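Working notes for the structure below.
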Amino acid sequence: MLLSVHDLDVHYGAIQALSGVSLEVEAGQIVTLIGGNGAGKTTTLRAISGMIRPTRGRVMFDGREITSTPAHALVSRGLCHVPEGRGIFANLSVSENLDLGAYCRHDRLGIAEDRERALELFPRLRERLKQNAGTLSGGEQQMLAIGRALLSRPRLLLLDEPSLGLAPQLVQLIFTIIREINGTGTTVLLVEQNAHMALAVAHRAYVLQTGRVVKSGPARQLLEDPDVKKAYLGG
Amino acid sequence: MADFLQTLLNAVTIGSLLALVALGYTMVYGILKLINFAHSDVVVLGAWTSVTLAVVLLPRLGVGLEAGSIPPVWAGVLVLVLAMMICGGVGFLIERLAYKPIRKAPRLNALITAIGVSLLLQNVGQLQYTIIDNQSLETSGLMQERGTDARTIRLAQAIELEEGTQYAIRLYRIADIVRATEAIGHPEAEAWKRYVTERSALPSLGTLSDTRLRLSPRTIVPEVSGRFEAGSDIGIAQPIGRSETRDAVFELYAISPHPPLKLPFGAMPQRIPELLPQKTLVQHDFTTEIAQADGSVVRIEKPLRITLLDIVIVGTAVILMLLLELLVYRTKVGRAMRALSYNMETAQLMGIPVNRIVSLTFVIGAMLAAAAGFLYALKYTQIQQPAHTTWVLLGLKAFVAAVVGGIGNLRGAVVGGFLIAFIEQFGAYLGQQAGWQNSSAYTDVFAFVLLIIVLLVRPAGLFGSAVREKV
């Protein structure tokens with residue numbers, strides 16, 4: 282297992298956001314977390330990437346415990362988190378944003394190569410390299426966020442709601458690219474409200490409800506599950 | 072014309088100092104959204120550190136600044152670099168100890184903490200320290216009597232005088248000690264009296280260090296070195312009376328060749344030695360002809376002087392500003408700083424070690440403050456105590472400069488610094504031209520009026536923009 286989460290509890294003050302969440306991500310797969318608003322999807326990702334400290338439980342990444350590792354130390358180990366709302370640095374140029382993706386790396390050639398690959402994946406970014414990232418459209422910002430994450434050469438990519446607020450054809454494009462990224466060997470843990478699309482690309486899925494995992498299984502199976510259909514797929 | 076150019080020169084010099092200080096305010100605000108009130112105190116610390124280094128520490132290390140053992144300019148550079156490093160360290164500690172523990176607390180807490188740190192530094196600055204006493208007690212004991220002549224004394228116990236060290240012997244008449252101890256009811260008073268009447272054992276000589284006794288010993292200097300046994304005579308520099316040696320106790324001090332190491336932090340104004348030769352680089356005499364009422368013409372010559380000091384101040388400030396510009400806009404660390412100032416959480420997700428970058432910001436801000444303090448001390452050679460109005464106003468105006476330029480914006484801080492300096496200098500100049508008596512007393516008014524106008528017209532400052540975020 283590339284990532285395994287055991288029995289995770291997270292509290293925000295007195296409020297319990299996660300209770301006993303366990304999940305596993307196998308190397309090379311796309312695993313998705315689906316669920317409604319406030320189900321704890323984002324919290325799960327934040328707990329994995331070290332943005333918040335769980336009150337109980339363990340997170341193992343690549344055979345090593347990372348439960349209390351600070352977020353910045355995980356990037357160089359190959360875990361990259363693209364946060365909800367993309368986390369673009371609007372005061373920097375597109376090019377500088379991309380460079381920040383490779384902050385932890387020192388292999389100039391490798392960085393240049395990955396940068397080229399990211400720009401091939403998102404040609405629109407190439408046209409806007411010098412532009413201030415704050416002036417990009419929502420879709421372009423999402424492309425930048427994913428492209429920037431790729432520059433850290435992640436083994437596990439955590440994507441939080443990449444389709445949020447995007448036009449339908451852009452959503453299609455983003456999902457195609459997620460599949461493409463996965464095709465080159467990057468494992469993806471995807472949090473999505475758009476359960477339809479998420480289940481369509483994922484190998485495996487977990488359904489979260491009020492901070493608990495209520496269902497899990499191969500994505501294709503969940504796509505056919507009557508409860509999931511009713512709750513998340515619009516009947 | 073001379074007045075105009077001199078005003079221009081002053082404005083540029085003062086502006087560059089204000090800009091250096093303003094940069095520190097704006098950098099910290101940009102990253103932590105914290106107004107670091109202790110920043111202006113670091114400027115004072117920079118000035119003190121420079122003085123301390125130049126007056127006391129470096130001469131003791133054998134780096135004489137005034138003796139000309141190294142060229143004064145290099146001495147100045149050395150003092151500047153060391154002061155920047157020391158203040159950088161202090162900036163680091165301030166952030167780690169005071170601000171980091173409350174980084175996630177409400178911003179008001181941080182603001183109050185900042186005021187607290189500022190008060191702490193101001194009060195620590197009132198202290199005056201003596202680090203190493205100029206003399207160390209070697210031995211003490213009973214002095215028997217005068218030696219064979221008036222220029223020798225006979226020892227009751229053996230002493231050793233090493234060659235190469237300077238010594239002083241202090242003689243305390245026992246009769247004086249008895250009187251003094253009795254007068255203040257000292258616990259050892261009885262013991263001293265008994266020693267005189269019954270020749271009991273000599274009481275503890277620790278009594279001598281009691282300053283309440285106000286003993287005034289006779290200080291004599293031995294002229295010889297080597298080991299002297301009990302009962303032997305040693306030569307001294309001055310003749311001495313018999314009554315002074317009979318029934319006296321002595322203390323033997325080794326004197327270090329340096330003056331006492333008094334750190335010049337303290338309420339006493341201090342002077343920085345001249346680290347730069349007083350050199351006028353450009354001098355031009357302007358002649359003004361004034362027609363008198365009776366038709367005659369009076370010619371007044373007014374010189375414009377550009378001194379080496381002016382050039383050094385502006386030059387150092389500009390070099391430091393350019394270095395900062397390069398660091399922030401051309402390096403990876405600078406990119407990380409800018410990312411951090413926009414969004415600390417996401418910066419972490421890029422693998423940026425947030426704590427290290429925040430520390431670095433404080434260190435750089437403090438280093439710039441130290442440089443400003445050093446340059447300020449060079450220009451206004453008297454260094455005032457830390458809570459003095461001079462420093463408070465300098466810090467306040469630099470803060471105003473940062474706000475006027477748009478706090479959080481580096482270029483804004485520089486522009487703000489120069490703007491404040493120009494407004495106050497030219498305000499005074501124009502006031503004078505308009506026949507306004509004493510207009511230079513209003514320089515501070517001009518600076519703060521500018522602040523009020525900017526806050527009314529452009530609350531975010533000249534270069535600041537209301538935070539725009541696209542989601």
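Protein chains in written order, with the numbering used here: chain A, 282 to 516; chain B, 72 to 542. Glycine residues also receive a C-beta, built at the ideal position from the N, C-alpha and C atoms. In this text, all values refer to a predicted model and were calculated from it rather than measured experimentally.
Check your understanding: In terms of DSSP beta bridges, what is A/Pro449 paired with?
Key -> Residue numbering aside, residue 449 of chain A sits at position 168 when the first sequence is read from its first letter. Answer by DSSP bridge pairing: none, since A/Pro449 is not bridged.
Review point. To the nearest angstrom, how far is it from the Cα of B/Val516 to the Cα of B/Leu490?
Key: Within the second sequence, residue 516 of chain B is the residue found at index 445, counting from 1. Within the second sequence, residue 490 of chain B is the residue found at index 419, counting from 1. Inter-residue distance for B/Val516 and B/Leu490 is about 14 Å (C-alpha atoms, whole angstroms).
Point to revise | Proximity below 7 Å, CB of B/Val113 to CB of B/Ala440 | key: Numbered from its first residue, the second sequence carries residue 113 of chain B at position 42. Numbered from its first residue, the second sequence carries residue 440 of chain B at position 369. With contacts defined as CB atoms closer than 7 Å, B/Val113 and B/Ala440 qualify as a contacting pair.
Review point. Enumerated in chain order, which unbroken segments of the alpha helix (DSSP H) with a length of 4 residues or greater are wholly contained in the segment 406-485 of chain A?
Key: 419-431, 449-464 and 476-482
Check your understanding: Shortest alpha-carbon distance to B/Gly466 belongs to which of B/Val115, B/Lys104 and B/Val99?
Key -> In the second sequence, counting from the first residue as 1, residue 466 of chain B sits at position 395. Taking only the C-alpha atoms, the option nearest B/Gly466 is B/Val115.
**Study point:** Nearest neighbour of A/Leu438, chosen from A/Ser300, A/Ala308 and A/Asp508 [CA to CA]
**Key:** Within the first sequence, residue 438 of chain A is the residue found at index 157, counting from 1. Nearest of A/Ser300, A/Ala308 and A/Asp508 to A/Leu438, Cα basis: A/Ala308.
**Study point:** Length-filtered (4 minimum) alpha helix (DSSP H) runs lying within the segment 412-448 of chain B
**Key:** 415-420
Check your understanding: Between which two residues does the alpha helix (DSSP H) harbouring B/Ser271 extend?
Key -> Position 200 of the second sequence, counting from 1, holds the residue named residue 271 of chain B. Counting along the chain, B/Ser271 falls outside any alpha helix (DSSP H), and DSSP gives it neither H nor E.
Point to revise | C-alpha gap between B/Thr282 and B/Leu273, whole angstroms | key: Along the second sequence, read from residue 1 onward, the residue named residue 282 of chain B stands at position 211. Along the second sequence, read from residue 1 onward, the residue named residue 273 of chain B stands at position 202. Each residue's alpha carbon lies about 20 Å from the other.
Review point. Residues of chain B with a CB under 7 Å from the CB of A/Asp380: which are they?
Key: Position 99 of the first sequence holds residue 380 of chain A. Per Cβ cutoff of 7 Å: Arg406.
Exercise for review: Locate the beta strand (DSSP E) running through B/Ile224, then write down its first and last residues.
Suggested key: Position 153 of the second sequence holds residue 224 of chain B. Note, B/Ile224: beta strand (DSSP E), Thr223 to Leu226.
**Study point:** Where B/Val542 sits in the DSSP three-state scheme
**Key:** Along the second sequence, read from residue 1 onward, the residue named residue 542 of chain B stands at position 471. Here the model assigns B/Val542 a pLDDT of 36, short of 50, so the residue's position is not dependable and the matter cannot be decided.
Review point. Of the residues that make up the segment 330-341 of chain A, which ones have a beta carbon closer than 9 Å to any beta carbon in chain B?
Key: Ser330, Gly331 and Met332
Check your understanding: From what residue to what residue does the beta strand (DSSP E) around B/Ile361 run?
Key -> The residue labelled residue 361 of chain B in the question sits at position 290 within the second sequence. For B/Ile361, the enclosing beta strand (DSSP E) begins and ends at Thr351 to Ala362.
Practice item. Pull up the CB-CB distance for A/Pro443 and A/Ile427, whole angstroms please, since I reckon it's below 8 Å. Key: As a working mapping, residue 443 of chain A is identified with position 162 in the first sequence. As a working mapping, residue 427 of chain A is identified with position 146 in the first sequence. Right, their Cβ atoms sit about 7 Å apart.
**Study point:** Nonlocal neighbours in the same chain, by C-beta distance under 6 Å from B/Ala138, ignoring five residues either side
**Key:** As a first step, residue 138 of chain B is located in the second sequence; it is residue number 67 there, counting from the start. Residue placement at B/Ala138 cannot be trusted, given a pLDDT of 47 that sits under 50; the coordinates are not used to answer.
Review point. B/Arg342 CB to nearest chain A CB: under 7 Å?
Key: Numbered from its first residue, the second sequence carries residue 342 of chain B at position 271. By this cut-off, B/Arg342 is not an interface position.
Exercise for review: Would you tell me roughly how many angstroms separate the C-alpha atoms of A/Asp388 and B/Ala388, rounded to the nearest one?
Suggested key: Within the first sequence, the letter at position 107 stands for residue 388 of chain A. Within the second sequence, the letter at position 317 stands for residue 388 of chain B. Approximately 36 Å between the Cα atoms of the pair.
Practice item. For A/Leu410, I'd like the list of residues in its chain whose CB is within less than 6 Å of its CB, leaving aside the five on either flank, ordered along the chain. Key: Mapped onto the first sequence, residue 410 of chain A falls at position 129. Closer than 6 Å at the Cβ level, and outside the excluded window around A/Leu410, lie Val375 and Ser376.
**Study point:** Interface partners of B/Asp425 on chain A, CB under 9 Å
**Key:** Here residue 425 of chain B corresponds to residue number 354 of the second sequence, with the count starting at 1. First, the amino acid is wrong: residue 425 of chain B is Val here, not Asp. In chain order: Pro351, Ala352 and His353.
Exercise for review: Could you tell me the distance, in whole angstroms, from the CA atom of B/Arg539 to the CA atom of A/Thr416?
Suggested key: In the second sequence, the residue the question calls residue 539 of chain B occupies position 468. In the first sequence, the residue the question calls residue 416 of chain A occupies position 135. With a pLDDT of 46 at B/Arg539, under the threshold of 50, the predicted position of this residue should be treated as unreliable, though the coordinate-derived value follows. Between B/Arg539 and A/Thr416, the C-alpha separation is close to 10 Å.
Practice item. May I ask you to verify whether the segment 287-295 of chain A touches the segment 323-339 of chain A, counting CB pairs closer than 8 Å and requiring at least 3? Key: yes
Point to revise | Same chain, Cβ closer than 8 Å to A/Arg460, five either side skipped, listed in chain order | key: Locating residue 460 of chain A in the first sequence gives position 179, where the first residue counts as 1. Around A/Arg460: Ile311 and Val482.
Practice item. Answer with yes or no whether the minimum CB distance from A/Glu377 to chain B is below 7 Å. Key: In the first sequence, the residue the question calls residue 377 of chain A occupies position 96. Among the residues facing chain B, A/Glu377 is included, as its CB has a counterpart in that chain under 7 Å away.
Point to revise | One or two residues paired with A/Asp290 in a DSSP bridge | key: Numbered from its first residue, the first sequence carries residue 290 of chain A at position 9. A/Asp290 is bridged to A/Arg337.
Check your understanding: If we call anything under 7 Å between Cβ atoms a contact, is B/Arg409 one with A/Leu373?
Key -> Position 338 of the second sequence holds residue 409 of chain B. Position 92 of the first sequence holds residue 373 of chain A. In contact: B/Arg409 and A/Leu373 (Cβ atoms closer than 7 Å).
**Study point:** Nearest residue (CA-CA) to A/Ile333, options A/Leu431, A/Pro351 and A/Glu408
**Key:** Position 52 of the first sequence, counting from 1, holds the residue named residue 333 of chain A. Checking every option, the nearest Cα to that of A/Ile333 belongs to A/Pro351.
Review point. In whole angstroms, what separates the C-alpha of B/Tyr451 from that of B/Leu179?
Key: Locating residue 451 of chain B in the second sequence gives position 380, where the first residue counts as 1. Locating residue 179 of chain B in the second sequence gives position 108, where the first residue counts as 1. Whole-angstrom Cα-Cα distance: 36 Å.
Review point. Is the CB-CB distance between B/Leu88 and B/Tyr447 below 7 Å?
Key: Within the second sequence, the letter at position 17 stands for residue 88 of chain B. Within the second sequence, the letter at position 376 stands for residue 447 of chain B. Yes, Cβ-Cβ distance for B/Leu88 and B/Tyr447 is below 7 Å.
Review point. Is the CB of A/Tyr384 under 7 Å away from at least one CB in chain B?
Key: Taking the first residue of the first sequence as position 1, residue 384 of chain A is located at position 103. With respect to chain B, the C-beta atom of A/Tyr384 has a partner C-beta closer than 7 Å.
Practice item. Could you confirm whether any beta carbon from chain A is found closer than 7 Å to the beta carbon of B/Met415? Key: Residue mapping note: residue 415 of chain B aligns to position 344 of the second sequence, counting from 1. For B/Met415, the answer is no, since every Cβ of chain A falls outside 7 Å of its Cβ.
Practice item. Determine the extent of the alpha helix (DSSP H) in which B/His110 is found, giving its start and end residues. Key: Locating residue 110 of chain B in the second sequence gives position 39, counting from the first residue. Per DSSP, B/His110 belongs to the alpha helix (DSSP H) from His110 to Thr123.
Review point. Taking DSSP as the reference, what is the three-state secondary structure of B/Ala138?
Key: Here residue 138 of chain B refers to the residue found at position 67 of the second sequence. Model confidence at B/Ala138 stands at a pLDDT of 47, short of 50, so the residue's coordinates are unreliable; what they give is reported in the following sentence. Taken through DSSP and simplified to helix, strand or coil, B/Ala138 comes out as coil.
Point to revise | CB contact check: A/Phe518 to chain B, cutoff 7 Å | key: In the structure as shown, chain A starts at 282 and stops at 516, and residue 518 of chain A therefore has no counterpart that could be examined.
Review point. Where do the N-terminal and C-terminal ends of the alpha helix (DSSP H) with B/Phe299 fall, by residue?
Key: Sequence index remark: in the second sequence, residue 299 of chain B carries index 228 (1-based). First-last for B/Phe299: Gly297 to Phe299, but that is the beta strand (DSSP E), not the alpha helix (DSSP H).
**Study point:** Option nearest A/Pro499 by Cα separation, candidates A/Val302, A/Val306, A/Val286 and A/Ile296
**Key:** Here the question's residue 499 of chain A lines up with position 218 in the first sequence. The residue with the shortest Cα to Cα distance from A/Pro499 is A/Val306.
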